[in-house]
Amino acid sequence: MAKAVFKGSDDYKVSFKKTEWSSIFTGLDSGKYQMGGNNISFTKERSAKYLFSYPIGSTPSVLVVPKDSDIKSFDDIQGHTTQVVQGTTSVAQLEDFNKKHSDNPVTLKFTNENITQMLTNLSEGKADFKIFDAPTVNAIIKNQGLDNLKTIELTSTEQPFIYFIFSQDQEKLQSFVNKRIKELTADGTLSKLAKEHLGGDYVPSDKELKLPTAN
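When you line the sequence shown up against my numbering, it's residues -9 to 205, in that order.
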């Protein structure tokens, strides 16, 4: 998506850097990076420090549970346990869920383990569920032989939008990227990229192409 945004640009020369999740934010804070992206959802706390783009899609996430689990839908996760990495989209989603279900919240067990290990832990009964993107989950279950796990699709309202973020001094870059997002949505490029890389048309509608705000 980022490559499509900057394709043919005379104003910006882009260098892509692969980094750890937390380094996206520290890199923006230090001025090392001007823009970041990696399934980043909107939170009030992030909006105080960073500029956001228009939404570029929603995370095609699934709920992963053992096949014998009593969890049948997103609502059933109340009172259960999951492993999460601090600052990720799923943490923001689950913290919001807990605010609405404070009488029986989800227990968040913070870890630095990767998703393969977290799904292995889930398979071994060390957690009750995991929310993660569908393509990655399906590949790990197949490659690791985690046959006792299954996935449950989440509804569109349970899929948070994801965004590019920018350091606070990058308003010009933010405007350029938002203009390109509108163009790529209008000509079908965004939809094509989502189908190719995410396995579905997980893109915002025209009316949803706007800056996020805190409720």
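Quick reminder that beta carbons are idealized off the backbone N, C-alpha and C, glycines included.
Point to revise | CB contact flag (P150, S48, <9 Å) | key: Residue numbering aside, residue 150 sits at position 160 when the sequence shown is read from its first letter. Residue numbering aside, residue 48 sits at position 58 when the sequence shown is read from its first letter. Between P150 and S48, the gap from beta carbon to beta carbon is short of 9 Å.
Point to revise | Cα-Cα separation between N111 and E103, rounded to whole angstroms | key: Here residue 111 refers to the residue found at position 121 of the sequence shown. Here residue 103 refers to the residue found at position 113 of the sequence shown. The alpha-carbon separation between N111 and E103 amounts to approximately 10 Å.
**Study point:** CB of A124 within 9 Å of CB of P45, strictly
**Key:** Locating residue 124 in the sequence shown gives position 134, where the first residue counts as 1. Locating residue 45 in the sequence shown gives position 55, where the first residue counts as 1. No. Outside cutoff.
Point to revise | Residue span of the alpha helix (DSSP H) that contains P125, given as start and end | key: Within the sequence shown, numbered from 1, the residue matching residue 125 stands at position 135. From DSSP, the alpha helix (DSSP H) with P125 extends over A124 to Q134.
Check your understanding: Sorted by chain position, which residues of the same chain lie with C-beta nearer than 8 Å to V74's C-beta, five sequence neighbours on each side aside?
Key -> For this step, residue 74 is matched to residue 84 along the sequence shown. Answer for V74: S80, V81, L84, L98, K99, F100 and T101, listed in chain order.
Point to revise | The beta strand (DSSP E) enclosing T72, as first and last residue numbers | key: The sequence position of residue 72 within the sequence shown is 82, counting from 1. Counting along the chain, the beta strand (DSSP E) containing T72 begins and ends at T71 to V74.
Point to revise | Enclosing beta strand (DSSP E) for L199 [first to last residue] | key: In the sequence shown, the residue the question calls residue 199 occupies position 209. Membership of L199 in any beta strand (DSSP E) is not indicated, and neither H nor E is assigned to it by DSSP.
Exercise for review: Reducing DSSP to helix, strand and coil, say where I155 ends up.
Suggested key: By 1-based counting over the sequence shown, the position of residue 155 is 165. DSSP, read as helix, strand or coil, puts I155 in strand.
**Study point:** Residue range of the beta strand (DSSP E) that includes S51
**Key:** In the sequence shown, the residue the question calls residue 51 occupies position 61. Membership of S51 in the beta strand (DSSP E) is indicated by the continuous run S51 to P56.
Review point. What is the rounded straight-line gap between the Cα of I61 and the Cα of V55?
Key: Locating residue 61 in the sequence shown gives position 71, where the first residue counts as 1. Locating residue 55 in the sequence shown gives position 65, where the first residue counts as 1. Spanning the two alpha carbons is a distance of roughly 7 Å.
Check your understanding: Buried or exposed: V4, going by 16 or more other Cβ atoms within 10 Å of its Cβ?
Key -> Here residue 4 corresponds to residue number 14 of the sequence shown, with the count starting at 1. It counts as exposed.
Check your understanding: Whole alpha helix (DSSP H) runs in the region 67 to 109 with 4 or more residues, listed along the chain?
Key -> Fully enclosed alpha helix (DSSP H) runs of no fewer than 4 residues occupy 79 to 90 of the region 67 to 109, in order along the chain.
Review point. For G27 versus G17, is the C-beta spacing smaller than 9 Å?
Key: Along the sequence shown, read from residue 1 onward, the residue named residue 27 stands at position 37. Along the sequence shown, read from residue 1 onward, the residue named residue 17 stands at position 27. If you check the CB distance, G27 and G17 do not come in under 9 Å.
Practice item. Name the residue from S31, N29 and G190 whose alpha carbon lies nearest to the alpha carbon of E143. Key: Along the sequence shown, read from residue 1 onward, the residue named residue 143 stands at position 153. With distances taken between Cα atoms, E143 lies closest to G190.
**Study point:** Sequence-distant residues of the same chain with beta carbon closer than 6 Å to H91, five excluded per side
**Key:** Taking the sequence shown and counting its residues from 1, one reaches residue 91 at position 101. Residues of the same chain with a CB within less than 6 Å of the CB of H91, apart from the 5 flanking positions on each side, are Q68 in chain order.
Practice item. Name the residue from E114, V52 and G(-2) whose alpha carbon lies nearest to the alpha carbon of D137. Key: Stepping through the sequence shown from its first residue, residue 137 is reached at position 147. The residue from E114, V52 and G(-2) with its alpha-carbon nearest to that of D137 is E114.
Review point. Which residues does DSSP pair with M25 in a beta bridge?
Key: Counting from 1 along the sequence shown, the entry for residue 25 is found at position 35. Answer is F156, bridged to M25.
Point to revise | DSSP state of S48 mapped onto helix, strand, coil | key: Within the sequence shown, residue 48 is the residue found at index 58, counting from 1. Note: S48 maps to strand in three-state DSSP.
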